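Under this note's numbering, the first residue of the sequence shown is numbered 21, with each subsequent residue one higher. Beta carbons are placed, not taken as given, at the ideal position from N, Cα and C, and that holds for glycine. None of the values given here were measured: they were computed from a predicted structure.
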Amino acid sequence: MGISGSDAAKEAAEILLLDDNFYSIVSGIEEGRKFYNNIKKSLIYILSVNISQLLPFIALIIFQIPVPLSPVLMMVMCLLTEIFPALSLIYENPEDDIVKSENNNINMRKKHKKPHRDHIIAWSTILFAYFQMGIIQAMAGFFAYFTVMNDYGFSPNLLWKLGFYDEGIKPDEDDFYIEEHMYKGNSNVGNEDNGLEKVDWFSTSHGAYDLRVWFWNLDGWNECMYPEDKSNITGKHVCYTTEALKYAQFAYFLAVIAVQCAHLLTIRSRKQSIWNYGFRKCYFVLGVIAQISIAVAIGFIPGLDLSLGGRNLHFLHFFVPGLPFFIIVLVYDEIKKMFSRYLEKNKLMSRKLKARWFVKGFY
Numbered sequence: 021m022g023i024s025g026s027d028a029a030k031e032a033a034e035i036l037l038l039d040d041n042f043y044s045i046v047s048g049i050e051e052g053r054k055f056y057n058n059i060k061k062s063l064i065y066i067l068s069v070n071i072s073q074l075l076p077f078i079a080l081i082i083f084q085i086p087v088p089l090s091p092v093l094m095m096v097m098c099l100l101t102e103i104f105p106a107l108s109l110i111y112e113n114p115e116d117d118i119v120k121s122e123n124n125n126i127n128m129r130k131k132h133k134k135p136h137r138d139h140i141i142a143w144s145t146i147l148f149a150y151f152q153m154g155i156i157q158a159m160a161g162f163f164a165y166f167t168v169m170n171d172y173g174f175s176p177n178l179l180w181k182l183g184f185y186d187e188g189i190k191p192d193e194d195d196f197y198i199e200e201h202m203y204k205g206n207s208n209v210g211n212e213d214n215g216l217e218k219v220d221w222f223s224t225s226h227g228a229y230d231l232r233v234w235f236w237n238l239d240g241w242n243e244c245m246y247p248e249d250k251s252n253i254t255g256k257h258v259c260y261t262t263e264a265l266k267y268a269q270f271a272y273f274l275a276v277i278a279v280q281c282a283h284l285l286t287i288r289s290r291k292q293s294i295w296n297y298g299f300r301k302c303y304f305v306l307g308v309i310a311q312i313s314i315a316v317a318i319g320f321i322p323g324l325d326l327s328l329g330g331r332n333l334h335f336l337h338f339f340v341p342g343l344p345f346f347i348i349v350l351v352y353d354e355i356k357k358m359f360s361r362y363l364e365k366n367k368l369m370s371r372k373l374k375a376r377w378f379v380k381g382f383y
C-alpha cells in the first residue's frame, strides 16, 4: 500500500498502490492490455496492405502485364492513406473480456512447464495480416484493375499479349483506327524511317495514341464500354490508350482503400461483433474520413492528379469494384468471431476439434 504501508514494505515491493485500492491493480492491468492490443491491431492493419503493394509487381515480372499499381500510388498508400486509420486504433476502448481473455493470460504449458506469452508479432499475426487480409485486399485491387482495363477495351487476354509484344510501329498523331484497313490506319507501317518502338506506359507522352493502331497486328480488343470518357490530363478519349492504365491503377488504389475500411471496422475487436462492440470512439471515423478524403483529392484536384497518378474515374469504377470485397471482409470476420466465441464457451468441443488456436484468435 503506497499510503498506509511502511517504508520497508514499499522498498521491498515490486508494485505500489498509490491510492491503497486493490481495484487499481485490475485497472492497471486492463489499461496495459488495452494499449498492448491496440498497438498489435495497428501493426496488423499496416502490415496487411503490403501484399496488395507487392503482388502487382510480381504480376508485372511473371505475366508481363502493365503494372496494376504505380510506384507513386504505392507510396501514397504507405505514407498517407493508411497512417491515419492505423493511429486511430491506438485510441480504441478495451474489449469487455480483456482481463479474462485467454489471449493475454500467462498459461503454463503442460508439456514444458514454461510460461506461454503472447507476442506482438507472431506467426499467427503474419499469417492473418499477409495471407488473409492482404490477399483479400490484393484480390479487390486486381478485380478493379481488370474491370477498368476491360471496360476501356483491353481484355485480360490482350494484356497478356501486350506483355510479350510490347513493341509496335508508332503511328502519326493524326492516324485513327480503321478496322477494314490492312494496317488498321497506321500510316507508318512499311516506312523505313520508323522502326519498332515501345509504348511508354508510365508517363503521359503516348496518352493520345490509339494503341489499336500502334499494335495493328494484335487482336483481342474489346468494345469500349465508355467511349465518351475523356482524360482530365490529356483531354483525349481514354479508350484504347495508355491513359486506360492510369485509370486502372487509380481504381486498384481505391479498391484497396475500400477493403482497408472494412478491415479497420473489423480489427477494432478480436472476438466481439462490430455491432456489439459499438462505435464508442470517433477516432476511427476520423481516420476513415481522412483516408477517403486523400483518395478523392488525388483524383479530382488539378495538379495532384497529374503528380500522384489520380484520375477522374467513371462512377462505376470509383470504389464500386471494391464493394464486394468490403462485404466479404465483414461477413468473413463476423463468422470467424462467432465461431471463436462458440468454441470459447464450449471447452469440450474446442478440445475435440483441437481448435485452441481458433479460440485464441487469428492474431
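Scanning its chain for C-beta atoms nearer than 6 angstroms, with the 5 sequence neighbours on each side dropped, one finds around LYS256 the residues ALA228, in chain order.
Non-local beta-carbon contacts of LEU75 in its own chain, meaning distances under 7 angstroms to residues more than five positions away in sequence, involve ALA158 in chain order.
Per DSSP, the unbroken beta strand (DSSP E) holding GLY188 starts and ends at 187 to 189. Using a Cβ-Cβ distance cut-off of 8 angstroms, the region 282 to 292 and the region 347 to 360 are in contact, since at least three pairs of beta carbons, one from each stretch, lie closer than that value. For SER62 against ALA106, the beta-carbon gap comes to about 5 angstroms, under 8 angstroms, which counts as contact.
Counting along the chain, LYS218 sits inside the beta strand (DSSP E) bounded by residues 216 to 218. Taking a cut-off of 8 angstroms for Cβ pairs, the region 158 to 167 and the region 200 to 209 do not touch, as fewer than three such pairs fall below it. C-alpha of PHE320 to C-alpha of LEU36: approximately 57 angstroms in a straight line.
In this structure, the beta-carbon distance from ARG331 to ASN242 does not fall below 8 angstroms.
Distance between LEU216 and ILE110, taken at the CA atoms: about 55 angstroms.
Between TYR267 and VAL168, the C-beta gap is smaller than 8 angstroms, which places the two residues in contact. Judged by DSSP in its simplified three-state form, HIS257 adopts strand.
Judged by beta-carbon spacing, PHE273 lies within the 8 angstroms limit of MET97, meaning their Cβ atoms are closer than that value. DSSP, reduced to helix, strand and coil, places TRP234 within a helical segment of the structure shown. Burial check for LYS190: the Cβ neighbour count within 10 Å reaches 16 or more, so the residue is buried.
In this structure, ALA271 sits near LEU333, with a CB-CB distance shorter than 8 angstroms. Annotated three-state conformation of PHE104 is helix, per DSSP.
The C-beta separation of LEU328 from LEU93 comes to about 7 angstroms, placing the pair in contact by the 8 angstroms criterion.
Taken in chain order, the unbroken stretches of alpha helix (DSSP H) that lie wholly in the region 259 to 287 and span 4 residues or more are 263 to 287. By the neighbour-count criterion, in which a residue is buried when 16 or more other Cβ atoms sit within 10 angstroms of its Cβ, VAL69 is buried. A contact between stretches requires three or more CB pairs, one per stretch, nearer than 8 angstroms, and the region 174 to 193 fails this requirement with the region 299 to 310. Secondary structure of LYS204 (DSSP, three-state): coil. Under the DSSP assignment, LEU178 falls in the alpha helix (DSSP H) whose first and last residues are 176 to 184. Between the alpha carbons of ILE45 and LYS60 lies a gap of roughly 23 angstroms. For TRP241, the pairing in a beta bridge is given by DSSP as PHE174. The three-state secondary structure of LYS54, taken from DSSP, is helix. Residues of the same chain with a CB within less than 8 angstroms of the CB of ILE312, apart from the 5 flanking positions on each side, are ILE277 and CYS281 in chain order.
DSSP, read as helix, strand or coil, puts LYS301 in coil. Judged by DSSP in its simplified three-state form, LYS61 adopts helix.
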